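One structure is given below, encoded as structure tokens.
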Amino acid sequence: MERLPDDVLLLTMEYLGPEDLLTCRLVCKRLGRLALHPGVWSLQSWNANSVDGDRRACRVLRLAPRLGKLVARVGPHLSLAMARCAVKELELVANESTSVQATLLFRNQEKLGRLRRVELYFYGEALGGAPVLFAALVSSPVLEKLEIRNVPFNFDAKAMHCTVRQPALKHFKCSAKAGSVPFVNFVLTVHATTLQVVDLGHEACCPTATSTVALLAGLPHLRELSCPLLPDMGALAASETLGLLTLHVAAAMRPAAPAAAKYLRRARHLQNVTLRYRSATRFPVDVGVDLVEALAWSCLNRVETLCIEHEYDPDANRADGEDARLPDPGPLIRSLPSLTALRTLRLDVFETPGALLLAVTPDAAPALRALYLNPSPRRMAGLPPCAHAWRHEDAVRAFLSANRSVGLHVAATPYCFKDERCPACALGWLACHGDLWPSWDWELTSASSTLSHRRWVHVR
Numbered sequence: 001m002e003r004l005p006d007d008v009l010l011l012t013m014e015y016l017g018p019e020d021l022l023t024c025r026l027v028c029k030r031l032g033r034l035a036l037h038p039g040v041w042s043l044q045s046w047n048a049n050s051v052d053g054d055r056r057a058c059r060v061l062r063l064a065p066r067l068g069k070l071v072a073r074v075g076p077h078l079s080l081a082m083a084r085c086a087v088k089e090l091e092l093v094a095n096e097s098t099s100v101q102a103t104l105l106f107r108n109q110e111k112l113g114r115l116r117r118v119e120l121y122f123y124g125e126a127l128g129g130a131p132v133l134f135a136a137l138v139s140s141p142v143l144e145k146l147e148i149r150n151v152p153f154n155f156d157a158k159a160m161h162c163t164v165r166q167p168a169l170k171h172f173k174c175s176a177k178a179g180s181v182p183f184v185n186f187v188l189t190v191h192a193t194t195l196q197v198v199d200l201g202h203e204a205c206c207p208t209a210t211s212t213v214a215l216l217a218g219l220p221h222l223r224e225l226s227c228p229l230l231p232d233m234g235a236l237a238a239s240e241t242l243g244l245l246t247l248h249v250a251a252a253m254r255p256a257a258p259a260a261a262k263y264l265r266r267a268r269h270l271q272n273v274t275l276r277y278r279s280a281t282r283f284p285v286d287v288g289v290d291l292v293e294a295l296a297w298s299c300l301n302r303v304e305t306l307c308i309e310h311e312y313d314p315d316a317n318r319a320d321g322e323d324a325r326l327p328d329p330g331p332l333i334r335s336l337p338s339l340t341a342l343r344t345l346r347l348d349v350f351e352t353p354g355a356l357l358l359a360v361t362p363d364a365a366p367a368l369r370a371l372y373l374n375p376s377p378r379r380m381a382g383l384p385p386c387a388h389a390w391r392h393e394d395a396v397r398a399f400l401s402a403n404r405s406v407g408l409h410v411a412a413t414p415y416c417f418k419d420e421r422c423p424a425c426a427l428g429w430l431a432c433h434g435d436l437w438p439s440w441d442w443e444l445t446s447a448s449s450t451l452s453h454r455r456w457v458h459v460r
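Once you know that position 8 of the sequence shown is 8 in full-length UniProt numbering, the rest is easy, because the numbers rise by one and skip nothing.
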């Protein structure tokens, strides 16, 4: 090791954790010097909320020159707020009684010069020092990404008394609930010239959120938006930069559904669209079902990637003994010929989508190059258990035969586990298509499986 140059040792030490790096200080003078080099700490993260994490955090923040990320629940003491360790990303948990300490911690990191991202979990509805903390976050000239998980219901944006002299925020995430709309609107206003990514969460907005839509439409650099169905969404059609859109759809958003459909019919610049349907007391099969058809309504649409995601709750879908209702593929099938630029289609499925697979042809979807099917883990009955079983489905065989240029991908294991083999896997791969996925371990059992075994598998 004595012959290795410092650069090589530094590259190796980047793979060590914070505790191991601090231990290296005790090995020898050379490693002790390298263990405190800023380069090996740039990507390190520390969770002060773990067991004994707060106590050990004092040592880490005292010795480490910098950190990539610090996760901390802000307490009444000021040890974290006085640290000289420069952090690039802060994830803080605070409430009304620790808002002042959180503000001091943020201001200290801001002065150290590396801070760019803050994620704040604010719990409780009492204000306390919240206006001071929120004002510090919003007015920062260095912060590029801000995520706030909760805004007190009675929060008044005017109480912040802050002036933003140098807008810097590029990424903003905050749920646009009734109590937080004034705060959201304030941020959209003062950082309008720099915002590029906005995430307003998935909860239904209040009917008065029309002002939020107008502000979103006026952002000159907005390229990515995630939001629930909003009232008066048609105004977003004025945005010429918005290319990536995620819409959350739920039964409570029924009043805003026509406005969302109107926007999608008029949108000209969208390239990547995700429709995320969320279940409430019942599956919202009658809310937002026309959004896909609205998207395909104009022959000028440029959508290249379309994702349709569904939550599935079997208990919520049954009432008075009726069968659970599944998403209707009809609107998507009818829309395919009009989505002329569509290259990638991704769907959550609860049964084999035979009608859709048969509807996809080179004539109906000439630009399509990839189809991703994500079987719901909550409804496995009636679904092929592995990619091998999917390959034996009649509709899949017909799809592969008709679409030579389209890759079919399924979120599954390549084959079944040894103790849970389906009829296709019981016969073995030699009996049908050969070894399609040779890296699979046929001796793997369900007891030793992990979520990593369920991945996107190319069905050939």
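Every residue gets a Cβ at the ideal spot worked out from N, C-alpha and C, and that includes glycine. Just so you know, these numbers come straight off a predicted model, no measurement behind them.
Reference residue i; option with closest CA among the options
{"i": "Leu43", "options": "Leu219, Leu10, Leu26, Val27", "result": "Leu10"}
{"i": "Asn374", "options": "Ala102, Leu345, Phe417", "result": "Leu345"}
{"i": "Arg421", "options": "His191, Ile148, Tyr121, Pro384", "result": "Pro384"}
{"i": "Ala136", "options": "Glu125, Gly124, Pro167", "result": "Pro167"}
{"i": "Met13", "options": "Leu61, Leu219, Leu34", "result": "Leu34"}
{"i": "His37", "options": "Leu22, Asn47, Arg107, Leu115", "result": "Leu22"}
{"i": "Lys69", "options": "Asn47, Leu63, Leu78", "result": "Asn47"}
{"i": "Pro423", "options": "Ala389, Val396, Thr413", "result": "Ala389"}
{"i": "Arg268", "options": "Ala296, Val289, Gly124, Asp290", "result": "Ala296"}
{"i": "Ala359", "options": "Ala395, Gly218, Asp199", "result": "Ala395"}
{"i": "Ala411", "options": "Arg369, Pro438, His458, Ala398", "result": "His458"}
{"i": "Arg454", "options": "Ala237, Val71, Pro438, Phe417", "result": "Phe417"}
{"i": "Tyr415", "options": "Val87, Arg404, Leu427", "result": "Leu427"}
{"i": "Pro329", "options": "Cys307, Leu306, Pro353, Arg397", "result": "Pro353"}
{"i": "Val71", "options": "Ala237, Pro65, Ala64, Leu80", "result": "Leu80"}
{"i": "Ser376", "options": "Pro327, Leu112, Pro331", "result": "Pro327"}
{"i": "Arg114", "options": "Thr98, Lys145, Gly124, Ser405", "result": "Lys145"}
Which residues DSSP lists as bridging residue i, in chain order
{"i": "Lys177", "result": "Beta-bridge pairing links Lys177 to no other residue."}
{"i": "Asn73", "result": "Reading off the sequence, residue 73 comes out as Arg, not Asn. According to DSSP, Arg73 bridges with Val93."}
{"i": "Ser405", "result": "None, per the DSSP bridge assignment."}
{"i": "Ile333", "result": "Ile333 pairs with nothing; no bridge assigned."}
{"i": "residue 478", "result": "Because the chain here runs from 1 to 460, residue 478 falls outside it and cannot be looked at."}
{"i": "Phe172", "result": "Leu146, Val198"}
{"i": "Val360", "result": "BP columns for Val360 are empty, so no partner."}
{"i": "Trp46", "result": "Leu70"}
Sequence-distant residues of the same chain with beta carbon closer than 6 Å to residue i, five excluded per side
{"i": "Ala402", "result": "Thr361"}
{"i": "Ala157", "result": "Pro182, Phe183, Phe186"}
{"i": "His392", "result": "Ala424"}
{"i": "Leu244", "result": "Glu224, Asn272"}
{"i": "Phe134", "result": "Met160"}
{"i": "Ala102", "result": "Val74, Leu92, Ala94, Leu133"}
{"i": "Glu119", "result": "Glu91, Glu147"}
{"i": "Pro18", "result": "Gln44, Trp46, Val60"}
Span of the beta strand (DSSP E), counted from its first residue to its last, around residue i
{"i": "Asn108", "result": "Per DSSP, Asn108 belongs to no beta strand (DSSP E); it is in the alpha helix (DSSP H), 99-112."}
{"i": "residue 463", "result": "Look at the range of the chain in this structure, 1 to 460, and you will see that residue 463 is not part of it."}
{"i": "Lys145", "result": "145-148"}
{"i": "Cys307", "result": "305-310"}
{"i": "Tyr277", "result": "272-277"}
{"i": "Pro228", "result": "224-228"}
{"i": "Val249", "result": "244-249"}
First through last residue of the alpha helix (DSSP H) which encompasses residue i
{"i": "His388", "result": "387-391"}
{"i": "Ala135", "result": "130-139"}
{"i": "Thr23", "result": "18-24"}
{"i": "Ala214", "result": "210-217"}
{"i": "Trp440", "result": "No alpha helix (DSSP H) holds Trp440; DSSP gives it neither H nor E."}
{"i": "Val459", "result": "Where Val459 is concerned, there is no enclosing alpha helix (DSSP H), although the beta strand (DSSP E) it sits in stretches over 455-459."}
{"i": "Trp41", "result": "38-41"}
{"i": "Cys425", "result": "423-427"}
{"i": "Glu293", "result": "291-295"}
{"i": "Gly32", "result": "29-34"}
{"i": "Met13", "result": "6-13"}
{"i": "Leu264", "result": "257-266"}
Neighbourhood of residue i by C-beta, 7 Å cutoff - its chain only, sequence neighbours within 5 removed
{"i": "Gly234", "result": "Ala259, Lys262, Tyr263, Arg266"}
{"i": "Ala367", "result": "Thr340, Ala341, Leu342, Arg343"}
{"i": "Ala257", "result": "Leu229, Val287, Gly288"}
{"i": "Leu16", "result": "none"}
{"i": "Pro284", "result": "Residue confidence for Pro284 is low, a pLDDT of 46 falling below 50, so the modelled location carries little weight; the figure read from the coordinates is stated next. Excluding positions up to five away in sequence, the list reads Val249, Ala250, Ala251, Tyr277."}
{"i": "Gly382", "result": "Glu351"}
Spatial neighbours of residue i in its chain, beta-carbon cut-off 8 Å, leaving aside the 5 residues before and after
{"i": "Asp441", "result": "none"}
{"i": "Thr193", "result": "Pro167, Pro220, His221"}
{"i": "Ala398", "result": "Leu357, Leu358"}
Nearest-angstrom Cβ-Cβ length linking residue i and residue j, presumed shorter than 8 Å
{"i": "Glu96", "j": "Gly129", "result": "7 Å"}
{"i": "Leu336", "j": "Ala364", "result": "5 Å"}
{"i": "Glu110", "j": "Val142", "result": "6 Å"}
{"i": "Val213", "j": "Leu230", "result": "5 Å"}
{"i": "Arg276", "j": "Leu247", "result": "7 Å"}
{"i": "Leu200", "j": "Cys174", "result": "7 Å"}
{"i": "Leu104", "j": "Leu78", "result": "7 Å"}
Proximity test, residue i beta-carbon vs the ligand SAM heavy atom, cut-off 6 Å
{"i": "Arg254", "result": "As presented, the structure is devoid of all ligands, the ligand SAM included, so that no description of it is given."}
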